[in-house]
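As structure tokens, the structure follows; a few thoughts come after it.
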Amino acid sequence: MTALLSVQNLSVSFTTYGRTAQVLHNVSLDVPEGAQIALVGESGSGKSVTMKTIMGILPIPPARIEGGAVLFDGRDLLTMPERDRQRLRGTAMSMVFQDPMSSLNPVFTIKDQLGTILKYADRRLGRDRNTRARLARVHEVLAQVRMRDPERVAAAFPVQLSGGMRQRVLIAMALLSEPRLLIADEPGTALDVTTQAQILKLLKDLVRENRLALLMITHNLGVVRETSAYTYVMNKGRIVEHGHTAALFDAPRDAYTRSLIAAVPRLTGREA
Amino acid sequence: MMPVLELRNLTKTFPIKGAFGRRGGTVRAVNDVSLAIANGQIYGLAGESGSGKSTIARMIMGLTVPTSGDILIDGVSILGKQASLAHRQKVQMVFQNPGASLNPRRTVGQSVMVPLSAHSYSGNRAARIGDLLEMVQLPAHFADRYPHELSGGQKQRVAIARALAVEPSLLVLDEPTSALDVSVQAKVIDLLEGLVADLGLTYLFISHDLSLMRNFAQTVGILYLGQIVETGPVASVFADPQHDYTRLLIASVPVISEAEAALRPHIPLINGEIPTAEDLLALRQNSPNPGPNTKEALS
Amino acid sequence: MNHPDAPQQQALSNAWQNWWRFSRNPTAVIGAIIVITSVALAVFAPLIVPFPDHIGAFVDFRNRSQPPSAAHWFGTDNVGRDIFSRVIYALRVSLILPVVVLGIAIPVGVTLGLLAGYFGGWTEIVIMRITDIALAIPPLVMALAVAAVLTPSLTNSMLAIALLWWTWHTRLIYGITRQLRSQEFVEAAETLGASKSHILFREILPNCVSAIAVKTSLDAGFVILIGAALSFLGLGIQPPTPDLGTMVASGASFLPDFWWQSVLPGCAILFVALGFNLLGDGLRDLFDVEDVR
Chain A
368 MTALLSVQNL SVSFTTYGRT AQVLHNVSLD VPEGAQIALV GESGSGKSVT
418 MKTIMGILPI PPARIEGGAV LFDGRDLLTM PERDRQRLRG TAMSMVFQDP
468 MSSLNPVFTI KDQLGTILKY ADRRLGRDRN TRARLARVHE VLAQVRMRDP
518 ERVAAAFPVQ LSGGMRQRVL IAMALLSEPR LLIADEPGTA LDVTTQAQIL
568 KLLKDLVREN RLALLMITHN LGVVRETSAY TYVMNKGRIV EHGHTAALFD
618 APRDAYTRSL IAAVPRLTGR EA
Chain B
1113 MMPVLELRNL TKTFPIKGAF GRRGGTVRAV NDVSLAIANG QIYGLAGESG
1163 SGKSTIARMI MGLTVPTSGD ILIDGVSILG KQASLAHRQK VQMVFQNPGA
1213 SLNPRRTVGQ SVMVPLSAHS YSGNRAARIG DLLEMVQLPA HFADRYPHEL
1263 SGGQKQRVAI ARALAVEPSL LVLDEPTSAL DVSVQAKVID LLEGLVADLG
1313 LTYLFISHDL SLMRNFAQTV GILYLGQIVE TGPVASVFAD PQHDYTRLLI
1363 ASVPVISEAE AALRPHIPLI NGEIPTAEDL LALRQNSPNP GPNTKEALS
Chain C
88 MNHPDAPQQQ ALSNAWQNWW RFSRNPTAVI GAIIVITSVA LAVFAPLIVP
138 FPDHIGAFVD FRNRSQPPSA AHWFGTDNVG RDIFSRVIYA LRVSLILPVV
188 VLGIAIPVGV TLGLLAGYFG GWTEIVIMRI TDIALAIPPL VMALAVAAVL
238 TPSLTNSMLA IALLWWTWHT RLIYGITRQL RSQEFVEAAE TLGASKSHIL
288 FREILPNCVS AIAVKTSLDA GFVILIGAAL SFLGLGIQPP TPDLGTMVAS
338 GASFLPDFWW QSVLPGCAIL FVALGFNLLG DGLRDLFDVE DVR
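Chains as they are written, first to last, in the working numbering: chain A, 368 to 639; chain B, 1113 to 1411; chain C, 88 to 380.
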């Protein structure tokens, strides 16, 4: 069975101040339909560059794709014409952004922002929906992310919502066009730990209810264990190890993975 | 023995600006907080945003003036007059964001020199800077570097070196490793632990990272909405948390092993959702004897 | 991030990066070339002008009002003096003006801005309100007033402009200081026990340097233009000392027949002011990128 998303031997370089550096070396990973996959790495590991390449938001100069392919449903996103790519982005494949503070425009209401996104997604997909139907859909996704009063939230400005609620709005934004793949970029990193726990549980429930595939990009190993069945570990632009999450954590084979796991402080205190 | 730091009924209220600059009420950021830290101890203050932990740190450092209550360093109150230079020598702080706490236009050496000049250090200052850098395991020639040339972990080491320059007795560590990668964090924490013994330091460690707290602090105080709701030796508080908020906090930590998952308390779900702290505490108030009556539980 | 352990390598790497950015910014490079050329011409004027004795009181009525030629690149004026030589010499006056004016205005303005921005309260109110009032007075009008009270001369013109110029710097530095005041490194310095003057001049001021550099360069252009305007009105340096503004004024009565007497000194003013403006813009582009990083 072919994977929904398949990154194959992706290599990317960056050129700054006249000097070129390789940031991704032959990165390969698969996200099967309905699976929950994690891509974990520290800062500078290349996980953000990988994510941006998949979403097509990598700034092409100074970056350059040296080789490889990113297949979605069997079609290579890197060689696809931009118009087809646009149709996929935000619809079949959508992203939950990291920082709820800066990802929402402060001068527009939630329903304005979600409504606009929905309008353009519909246009790309050739769907016809009037304003009232769009608003209904906005309320629908807000209810899906467990907002207690979707109408009130829709009419609010971002500044009137708490951090946790804003993150739910970002998740709702990703669900608007019924995607098949959700890419979550460090969700909840900017939030308190209790709020983060709520958001992670929400993501897990949504993924299960809607049979979505989830690619979770994070530096937090605890989040990986909570949300993903299969993990890819990245270091210095390479995938150094991958495997089923529980097995990987219990018996890591690669030295970097081992040192990473050893560095995480345990809730149980120090073992002897 | 005199505690190095003592907070007595410390309170800080902020006015809320209403319309047209009229006072719209007050918010109590810190509400009647008392604690004492003995010499050589590592005291951990755990809390989320809005708990008042940063306000407490700022009051101890003299950046904010308390509304009421007292702060004593080595038995001497630091309030009443402007924070004196002696106070500034005894208590130092390591800030959360290493990139922001070092002046981007000054070299490492110049930044570490600041406390030495301010306190009129009489010895050889260049040698002292070299010693301090060595103490935090950085090569001496880093003194000529600018902050943007250093990694996050290196910058934080410089901040620690600077804080230690005039030999304080108490270090306030405000989320010192939150902005760092986990592998770098481990090394910085190791460094800090080593310094306690080597230099006879006492730490007030402020963090929202409970796993880190469990491993680094000896005594912990759980801060919620400006009040300490639970306190005690870290092992017992984590093994058997009494207050609902502490239980929720520990239960929310994403962990990486089964053993840790088993340690987390069970939290009843409300409407299929993990409750917020307010909801959980309201639940307790409304039904003083909540039994295991909910279908699912968190963890 | 680059981690070469040798400090020389690191320092070179920084210098390389700065040079690379600067050399790829056409505005900055062109501006720098113009400014450097002008300064060099002014400094070495006595050595390079073709007709050094035409600078002072000199007449040669046979050669008067000659158009530009191989002998006289800018032609001659109505008493026969070589305009090119006089223009080069006049550059000295034009370039001295920003040096003196800004030399007074910047220290005063920056200090007041730092004090107002950091201390707030009455200090801020008093300084900023005086600044507001001074900003409302146009420099040219002020110069006219000063000239009316005192005699018209170069010194008095510089005085008039300097009296008002510091206000722009105060406002700029005030804004930056207010922003930086709540930054962590300033708070860190406070907790470390640093004195107030240390915080103002050693912590905050270094972070203002890029803004001051940009503004100084742009200001230099403006001051040159205002100086030229004042001398055009007869309030600046008095003849027979060559001055660009005066040359434009005296040549104006001969337009359009002997156009070179007015237009070419005017082009020199344009050239120099443009150079400073381009350099300032280029520096601003450079520093913007640096801040984003």
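Don't be surprised by glycine CBs; every beta carbon is placed ideally from N, CA and C. Values in this document were obtained by computation on a predicted structure and should not be read as measured data.
**Q.** Whole-angstrom C-beta distance between residue 1213(B) and residue 275(C), which should lie under 8 Å
**A.** If you number the third sequence from 1, residue 275(C) lands on position 188. If you number the second sequence from 1, residue 1213(B) lands on position 101. Your pair residue 275(C) and residue 1213(B) checks out as a contact, with CB atoms roughly 5 Å apart and the cut at 8 Å.
Q. Ends of the alpha helix (DSSP H) at residue 122(C)?
A. What you label residue 122(C) is simply residue 35 of the third sequence in a count that begins at 1. For residue 122(C), the enclosing alpha helix (DSSP H) stretches over residues 113-130.
Q. Taking Cβ-Cβ distances shorter than 9 Å, what residues in chain B pair up with residue 294(C)?
A. Position 207 of the third sequence, counting from 1, holds the residue named residue 294(C). Ordered by position in chain B, the residues that pass the 9 Å Cβ test against residue 294(C) are 1215, 1216 and 1217.
**Q.** Rounded separation between residue 549(A) and residue 278(C) - CA only
**A.** Position 182 of the first sequence, counted from the first residue, corresponds to residue 549(A). Position 191 of the third sequence, counted from the first residue, corresponds to residue 278(C). Cα to Cα, the separation comes out at about 46 Å.
Q | Residue range of the beta strand (DSSP E) that includes residue 1364(B) | A | Translated into the one-based positions of the second sequence, residue 1364(B) becomes position 252. Going by DSSP, residue 1364(B) is part of no beta strand (DSSP E) but of the alpha helix (DSSP H) stretching over 1356-1364.
Q: Output the distance between the C-alpha atoms of residue 315(C) and residue 355(C), rounded to the nearest integer angstrom.
A: Counted from its first residue, the third sequence places residue 315(C) at position 228. Counted from its first residue, the third sequence places residue 355(C) at position 268. About 11 Å.
Q.
On the DSSP bridge list, what partners appear for residue 606(A)?
A. Stepping through the first sequence from its first residue, residue 606(A) is reached at position 239. BP columns for residue 606(A) point to 601(A).
Q. CB-CB under 7 Å to residue 1406(B), same chain, minus the five flanking residues each way: which ones, in chain order?
A. The sequence position of residue 1406(B) within the second sequence is 294, counting from 1. Because the pLDDT of residue 1406(B) is 35, which lies under 50, any placement of that residue in the model is unreliable, and the number read from its coordinates should be weighed accordingly. Cβ within range, chain order: 1380 and 1381.
Q) If you count every other CB in all the chains shown that lies within 10 Å of the CB of residue 579(A), and 16 or more means buried, which is it? A) Numbered from its first residue, the first sequence carries residue 579(A) at position 212. Residue 579(A) should be labelled buried.
Q. If the cut is a Cβ gap below 8 Å, which residues of chain C does residue 1126(B) touch?
A. Along the second sequence, one-based indexing puts residue 1126(B) at 14. Neighbours of residue 1126(B) on chain C: none; closest Cβ ~15 Å, over 8 Å.
Q: Check whether the Cβ of residue 1382(B) lies closer than 8 Å to any Cβ atom in chain A.
A: Along the second sequence, one-based indexing puts residue 1382(B) at 270. So no, residue 1382(B) is outside the interface.
(Q) Less than 8 Å between the beta carbons of residue 385(A) and residue 601(A), yes or no? (A) For the purposes of this step, residue 385(A) is taken as residue 18 along the first sequence, with counting starting at 1. For the purposes of this step, residue 601(A) is taken as residue 234 along the first sequence, with counting starting at 1. No, Cβ-Cβ distance for residue 385(A) and residue 601(A) is not below 8 Å.
Q. Looking at the C-beta of residue 1231(B), does it have a partner C-beta in chain C at a distance below 8 Å?
A. Within the second sequence, residue 1231(B) is the residue found at index 119, counting from 1. Closer than 8 Å to some Cβ of chain C, the Cβ of residue 1231(B) qualifies, so yes.
(Q) Looking only at its chain, what residues have a beta carbon closer than 6 Å to the beta carbon of residue 93(C), apart from the 5 residues adjacent to it on each side? (A) Locating residue 93(C) in the third sequence gives position 6, counting from the first residue. The predicted model places residue 93(C) with a pLDDT of 49, which falls under 50 and marks its position as unreliable, so this point remains unresolved.
Q: Jot down the residue ranges of each uninterrupted beta strand (DSSP E) in the region 1237-1324 of chain B, minimum 3 residues, whole runs only, in chain order.
A: Within the region 1237-1324 of chain B, the complete beta strand (DSSP E) segments at least 3 residues long are 1282-1286 and 1314-1319, listed from N- to C-terminus.
Q.
Using beta carbons (cut-off 8 Å, strictly below), is residue 1250(B) in contact with chain C?
A. Walking along the second sequence from the start, residue 1250(B) turns up at place 138. Residue 1250(B) does not count as touching chain C.
Q. What's the call for residue 1156(B), buried or exposed, on a 16-neighbour Cβ count within 10 Å?
A. What you label residue 1156(B) is simply residue 44 of the second sequence in a count that begins at 1. Its Cβ being crowded by 16 or more others within 10 Å, residue 1156(B) is buried.
Q: Let me know if residue 1364(B) comes out buried or exposed under the rule of 16 or more other beta-carbons within 10 Å of its beta-carbon.
A: Working through the second sequence from its first residue, we reach residue 1364(B) at position 252. Buried.
Q. Per DSSP, residue 439(A) is paired with what?
A. If you number the first sequence from 1, residue 439(A) lands on position 72. Bridge partners of residue 439(A): 372(A) and 442(A).
Q: Let me know if residue 410(A) comes out buried or exposed under the rule of 16 or more other beta-carbons within 10 Å of its beta-carbon.
A: If you number the first sequence from 1, residue 410(A) lands on position 43. Exposed.
Q) Mind checking if residue 1385(B) is an interface residue toward chain A, Cβ cutoff 8 Å exclusive? A) Counting from 1 along the second sequence, the entry for residue 1385(B) is found at position 273. By this cut-off, residue 1385(B) is an interface position.
Q.
One question on the structure: do residue 1182(B) and residue 1202(B) come within less than 8 Å of each other, judged by their Cβ atoms?
A. Within the second sequence, the letter at position 70 stands for residue 1182(B). Within the second sequence, the letter at position 90 stands for residue 1202(B). No; because the gap between Cβ atoms is not below 8 Å, this pair is not in contact.
Q. In whole angstroms, what separates the C-alpha of residue 1125(B) from that of residue 1353(B)?
A. Locating residue 1125(B) in the second sequence gives position 13, where the first residue counts as 1. Locating residue 1353(B) in the second sequence gives position 241, where the first residue counts as 1. Distance between the alpha carbons of residue 1125(B) and residue 1353(B) is about 29 Å.
Q. Since residue 347(C) contacts residue 170(C) with CB under 8 Å, what's their CB separation in whole angstroms?
A. Within the third sequence, residue 347(C) is the residue found at index 260, counting from 1. Within the third sequence, residue 170(C) is the residue found at index 83, counting from 1. Yes, residue 347(C) and residue 170(C) are in contact; Cβ-Cβ is about 7 Å, under 8 Å.
Q) What does residue 380(A) pair with, by DSSP beta-bridge criteria? A) Translated into the one-based positions of the first sequence, residue 380(A) becomes position 13. Partner(s): 389(A) and 431(A).
Q) Within 10 angstroms of its Cβ, does residue 403(A) collect 16 or more other Cβ (buried), or is it exposed? A) Here residue 403(A) corresponds to residue number 36 of the first sequence, with the count starting at 1. Counting C-beta atoms within 10 angstroms of its own C-beta, residue 403(A) has 16 or more neighbours from the protein chains shown and is therefore classed as buried.
**Q.** Counted within 10 angstroms of its Cβ, other Cβ atoms place residue 569(A) as buried (16 or more) or exposed
**A.** To locate residue 569(A), count along the first sequence from 1; it is residue 202. Counting Cβ neighbours within 10 Å, residue 569(A) comes out buried, since at least 16 surround it.
(Q) Count Cβ pairs between the region 1327-1335 of chain B and the region 554-568 of chain A that sit closer than 8 Å; are there 3 or more? (A) With a cut-off of 8 Å, the region 554-568 of chain A and the region 1327-1335 of chain B do not count as touching, because too few Cβ pairs lie within range.
Q) Buried or exposed: residue 611(A), going by 16 or more other Cβ atoms within 10 Å of its Cβ? A) Position 244 of the first sequence, counted from the start, is the residue given in the question as residue 611(A). Taking all protein chains shown into account, residue 611(A) has fewer than 16 neighbouring C-beta atoms within 10 Å of its C-beta and is therefore exposed.
Q.
Just to confirm before moving on: does the CB-CB distance between residue 396(A) and residue 378(A) stay below 8 Å?
A. Residue mapping note: residue 396(A) aligns to position 29 of the first sequence, counting from 1. Residue mapping note: residue 378(A) aligns to position 11 of the first sequence, counting from 1. For the 8 Å CB-CB criterion, residue 396(A) and residue 378(A) do not form a contact.
Q.
Do residue 192(C) and residue 252(C) have their beta-carbon atoms positioned less than 8 Å apart in this structure?
A. Working through the third sequence from its first residue, we reach residue 252(C) at position 165. Working through the third sequence from its first residue, we reach residue 192(C) at position 105. Cβ atoms of residue 252(C) and residue 192(C): closer than 8 Å.
Q.
Please give me, in chain order, every unbroken run of the alpha helix (DSSP H) with length at least 4 that falls completely inside the region 141-215 of chain C.
A. Correct list: 170-206.
Q) If we cut at 8 Å on Cβ distances, does residue 639(A) have a partner in chain B? A) Position 272 of the first sequence, counting from 1, holds the residue named residue 639(A). Its pLDDT being 39, under 50, residue 639(A) is placed unreliably by the model, and the measurement read from it follows with that caveat. At a cut-off of 8 Å between beta-carbon atoms, residue 639(A) makes no contact with chain B.
Q) Once you ignore the five residues that flank residue 425(A) on each side, which residues in its own chain have a CB closer than 6 Å to its CB? A) Taking the first sequence and counting its residues from 1, one reaches residue 425(A) at position 58. Taking residue 425(A) as the centre and dropping the five residues before and after it, the same chain places the C-beta of 419 closer than 6 Å to its C-beta, in chain order.
Q) If you check the beta carbons only, do residue 291(C) and residue 205(C) fall under 8 Å apart? A) Against the third sequence, residue 291(C) aligns to sequence position 204. Against the third sequence, residue 205(C) aligns to sequence position 118. Closer than 8 Å, so yes.
Q) So, residue 1386(B) versus residue 565(A), is the Cβ gap smaller than 8 Å? A) Counting from 1 along the second sequence, the entry for residue 1386(B) is found at position 274. Counting from 1 along the first sequence, the entry for residue 565(A) is found at position 198. Their beta carbons are under 8 Å apart, which means residue 1386(B) touches residue 565(A) by this criterion.
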